[in-house]
Amino acid sequence: MNSTRLGAFGGHARDFTMRHCLLLLPTLLCACVGLPNPPSPLGADDEGSTTQIDDGVESSPADGIGATSTPGNPSDDDKGEDPGEGCGDGKVGEDEECDLGPDNGAGDYCRVDCQINVCGDGYVAHSELCDDGNDIDDDECSNECGPPSCGDGQVQAPEECDEGPANSETGACLPSCTAATCGDLFIQLGVEVCDGTNIDTTCKGEGFAGGPIACADDCTAVDTSECLRCGDGVAEGDEQCDTHDFGGRTCETFAPVDTTVSGGALSCTDACTIDASDCTYCGDGLREGTEVCDGNDVGGATCVMQGPQFGGGTMACTNDCSSLSTAGCCLALAQPCSANFECCTGFCGSDGCTFSDAEPQ
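Counting from -7, one number per residue, gives the positions in the sequence shown under our numbering.
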């Protein structure tokens, strides 16, 4: 907080009050002897409108002469952004950094708009002795949110402690010369394992499937009560599945474009992630599972292998991958035919497929 600014404000307040006392004296004397009140020396009209004083201080009756606010603390009308929907319900939402429910904005580490209270935001938190919201380090509130004397090793009001160079975010005395406490968002080494939202681990890091981890009220342990346990049969939070609960997903959910499910089923891993490797899809060009063939993958089958009537050609697969198709095979020599294109030789005669087109069909 700027000392020049404070001094000016204090001087204005004292001068303003003295002037009112002196300027209102004639009114009081007139009232005692029954005379009408003299014209207002302040120049205020009957409506109580705003009046400009010659020292530059502007005031109105509605403002409350000499009203002050706590340094570093915004007024009730200026507590940051309007809280979004859900802010204040005690659960950290998507756009929230914290949510302490009714304790938001009560000087704790979570502001009324569900954002973390940090030094320099103009809100005095547990870990701060002041917060003037500026980056001026040599005014009455330093950039560590403590008094200028903080760090000299001598405890002076309003300091709670001062260990000089030993002041630190992980020690017993914070850089702002406030004593480290649970709830200040700083983890005191050897005393705390977490503090508020300052947690060095996650639910997954603690062996759970996911979910939100919290810090115990005394900051000596992490709270895993909201972490998700893989294996309880209920897919929730970050879990893709849990045992037989796939959240409505099936093999069809993971089907490639232009394919259909031909067999298989989903499975759930020990880490509660979905394994779709057992699912088979007709149309992906891979013969697998119960498929007889898939696209050009006919498992090495040839037209000649399908019977003596075929002399060659290209094997094909039915659209449902359930059987081979001889639609691309051609007839062998002397096999009954009705058109030239049916014969591997390209000629169909009265005695069947032939090498000559003497008797074309």
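Beta carbons are placed, not taken as given, at the ideal position from N, Cα and C, and that holds for glycine. All of these numbers come straight from a predicted model, not from anything done at the bench.
Rounded to whole angstroms, the gap between the alpha carbons of residue 308 and residue 321 is 9 Å. Closest by C-alpha distance to residue 202, out of 316, 150 and 232, is 232. Judged by their CB atoms, residue 236 and residue 176 are not nearer to each other than the 8 Å cut-off. Using a 10 angstroms sphere on the CB of residue 288, the tally of other CB atoms stays under 16, which defines it as exposed. The C-beta of residue 116 has 16 or more other C-beta atoms within 10 Å across all chains shown, which makes the residue buried. Cβ contact annotation for residue 247 (same chain, cutoff 7 Å, sequence separation greater than five): 253 and 273, in chain order. Separation of residue 218 and residue 240 (C-alpha to C-alpha, rounded to the nearest whole angstrom) is 24 Å. Using a Cβ distance threshold of 8 Å, residue 283 and residue 313 count as a contacting pair.
With fewer than 16 neighbouring CB atoms inside 10 Å of its own CB, residue 300 falls in the exposed class. The Cβ atoms of residue 194 and residue 205 sit closer than 8 Å to each other. The beta carbon of residue 191 lies closer than 7 Å to those of 205, 207 and 214 in the same chain, with the five residues before and after it left out. Taking a cut-off of 8 Å on C-beta distances, the stretch 158 to 175 touches the stretch 118 to 136, as three or more cross pairs fall below it. A Cβ-Cβ distance of about 27 Å is found for the pair residue 222 and residue 209, leaving them out of contact under the 8 Å criterion.
Collapsing the DSSP output to three states places residue 102 in a strand. Going by C-alpha positions, residue 130 is about 29 Å away from residue 104. Here residue 325 has 345 as same chain residues with Cβ atoms under 6 Å from its own Cβ, once five neighbours each way along the sequence are excluded. DSSP places residue 340 inside the beta strand (DSSP E), whose first and last residues are 339 to 341. Per DSSP, reduced to three states, the secondary structure at residue 302 is strand.
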